[in-house]
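In the working numbering, the protein residues as written are 45 to 127. C-beta atoms are modelled at their ideal positions from N, C-alpha and C, and glycine is treated no differently. Shown next, in structure tokens, is the structure this report addresses.
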Amino acid sequence: MEEETAKKEIIRSLKVLQGYLVPFYSWFYSTETCGNFSIESECPKIVAWGKRYMERESVYETLPHHHKIYEFVLQLKKRLGIE
Numbered sequence: 045m046e047e048e049t050a051k052k053e054i055i056r057s058l059k060v061l062q063g064y065l066v067p068f069y070s071w072f073y074s075t076e077t078c079g080n081f082s083i084e085s086e087c088p089k090i091v092a093w094g095k096r097y098m099e100r101e102s103v104y105e106t107l108p109h110h111h112k113i114y115e116f117v118l119q120l121k122k123r124l125g126i127e
């Protein structure tokens, strides 16, 4: 009984974690491009998870496309006088 409760708690925690991490996946492209580094080479499992998660239609349609975020970042940098 105790083991089953622990499993349910872990699953609940992972679902909450996914809810917080998924929106950040859309920012990876901008972060990599502006920072001139690869998140995938540093954190391949997180990137693989993000790619799998983005294959879900409900997630893909909800989050902004990574190119739109990159355009926003470029506009923000320009407005702030960064580059």
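Do Val91 and Tyr97 have their C-beta atoms closer together than 8 angstroms? no
Nearest to Tyr61 by alpha carbon, out of Glu101, Gly94, Glu105 and Leu124? Residue identity differs from the one stated: residue 61 is Leu in this sequence, not Tyr. The shortest Cα separation from Leu61 among Glu101, Gly94, Glu105 and Leu124 belongs to Gly94.
According to DSSP, simplified to helix, strand and coil, what is Glu99? coil
In chain order, what residues of the same chain lie with their CB nearer than 7 angstroms to the CB of Glu76, ignoring the 5 residues before and after it? Ser82 and Ile83
Can you tell me which of the three DSSP states Gly125 falls into? coil
Within the continuous alpha helix (DSSP H) that includes Phe72, where are the two ends? Phe72 to Gly79
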